[in-house]
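Okay, structure first, notes after.
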Amino acid sequence: MNIKESLDKIERNLSKLNYKSSYVSTQNSELNYTAKNLVTLKDAVNDLSDIDFIRPQINTLKSSALFKNYKDEDAFISTENGKINSTVEELRIGLTFLLNYYNSAITGGDNVIEIKLPDTNSFDELSKVSNDLKKAIEFPILDSNTGGNVEILTAENGSIWIIISVGTIAAVNLIASICWAAAVIRKKMAEANIFEAHAKTLDLKNEALTALVDAQKKQLQNIVQAEAEAIASKHYDIKDPETIGRLKLSLQTTADLIDRGAKILPNSKEEEIIKAFPDYSKLALIESSIKQITAGNK
Numbered sequence: 000m001n002i003k004e005s006l007d008k009i010e011r012n013l014s015k016l017n018y019k020s021s022y023v024s025t026q027n028s029e030l031n032y033t034a035k036n037l038v039t040l041k042d043a044v045n046d047l048s049d050i051d052f053i054r055p056q057i058n059t060l061k062s063s064a065l066f067k068n069y070k071d072e073d074a075f076i077s078t079e080n081g082k083i084n085s086t087v088e089e090l091r092i093g094l095t096f097l098l099n100y101y102n103s104a105i106t107g108g109d110n111v112i113e114i115k116l117p118d119t120n121s122f123d124e125l126s127k128v129s130n131d132l133k134k135a136i137e138f139p140i141l142d143s144n145t146g147g148n149v150e151i152l153t154a155e156n157g158s159i160w161i162i163i164s165v166g167t168i169a170a171v172n173l174i175a176s177i178c179w180a181a182a183v184i185r186k187k188m189a190e191a192n193i194f195e196a197h198a199k200t201l202d203l204k205n206e207a208l209t210a211l212v213d214a215q216k217k218q219l220q221n222i223v224q225a226e227a228e229a230i231a232s233k234h235y236d237i238k239d240p241e242t243i244g245r246l247k248l249s250l251q252t253t254a255d256l257i258d259r260g261a262k263i264l265p266n267s268k269e270e271e272i273i274k275a276f277p278d279y280s281k282l283a284l285i286e287s288s289i290k291q292i293t294a295g296n297k
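Here it is as structure tokens:
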């Protein structure tokens, strides 16, 4: 697991790392400390257990009386209560510091984009992905009126994640529009491929089959053109054929990257910015933001 994925997991679980116990006087037992809401704590510990750099603390908790059962309320002896309390506190303080340090180190805030690269097995493939990202992100930003620029902030060694600043929120919105349109194009390309495969199973003459396939390709070209023009109308001052051509290349390249497993996401926590990017877990459900394209393909 790389640092980006570890930090996302820490952020999801940090608020669950809470242990509060109270002393109860008993005559017949040494179980003088009771604690509640333990299932949430244990779920968080389990979810964090594959992060290497906190494994000693995780192992301490898992070998403690906390995990002797999965009850939500339990009683502990003094030594076990102290061990659980100090270890949970150590985890919480350490992970809070790590998150704060990471967030302060990655400057730019809402101007930052996180990119999950597709799997690569050689330097040649990595070079191609780098060139594709230039077409997908850098070229359209430079052509736009967003005032943005691309700067690589960090890339984990041996990782599939890189983090870049695009300079302005307007540039982030441009990339969101490109990713959304590219996801639509990817979906239409998949539908066209399914249609072509089905058409080949029919008893059609070559001329008829060719005409159907060509019609599908023409429709896809029209969709790419319409999406590019719609984006240019919002984000570009210059809309000449050459500029639109570069934007179409960006859309097609981004669609290919998404199809190969890439994800381009905002670093921002603002809901409106997050919602402007496609949900990569629901790509089959995505619809174009252009009404006539959505209606025309129903």
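Read in numbering that gives the first Met the number 0, the sequence shown has 166 at position 167, and its numbers run on one by one without any break.
We put the CB at the ideal spot given by N, CA and C, even for glycine.
Every value quoted in this text rests on a predicted model; they were computed, and no experiment measured them.
In the structure shown, Pro117 falls within a coil segment according to DSSP collapsed to helix, strand and coil. A contact between stretches requires three or more CB pairs, one per stretch, nearer than 8 Å, and the region 185 to 193 fails this requirement with the region 164 to 174. Comparing alpha-carbon positions, the option among Phe75, Ile140, Asn17 and Ser48 lying closest to Ser24 turns out to be Phe75. By the Cβ neighbour-count rule, Tyr18 is buried, with 16 or more other Cβ atoms within 10 Å of its own. DSSP, read as helix, strand or coil, puts Lys262 in strand. Val44 is not bridged by DSSP to any residue. Proximity of the region 256 to 271 to the region 109 to 118 meets the contact definition, three or more beta-carbon pairs being nearer than 8 Å. Between Gly166 and Asn144, the beta carbon gap of about 13 Å keeps them out of contact (Cβ cut-off 8 Å). Inter-segment contact for the region 61 to 76 and the region 26 to 43 is present: three or more beta-carbon pairs are separated by less than 8 Å. The beta carbon of Ala198 sits closer than 8 Å to those of Leu208, Leu211 and Val212, all from its chain and outside the five residues before and after it, given in chain order. In the three-state reduction of the DSSP assignment, Ile289 falls in the coil class, being assigned neither a helical nor a strand state.
Ser126 and Phe276 have their C-alpha atoms spaced approximately 25 Å apart. For Ile237, the closest alpha carbon among the candidates Ala196, Leu141 and Asp255 is that of Leu141. Beta-bridge analysis with DSSP links Tyr32 to Tyr22 and Phe75.
By the C-beta criterion, the region 78 to 88 is judged to be in contact with the region 5 to 20, since at least 3 inter-stretch pairs fall below 8 Å. Contact between Ala135 and Thr253 holds, since their C-beta atoms are separated by about 4 Å, short of 8 Å. Thr153 is bridged by DSSP to Ile162.
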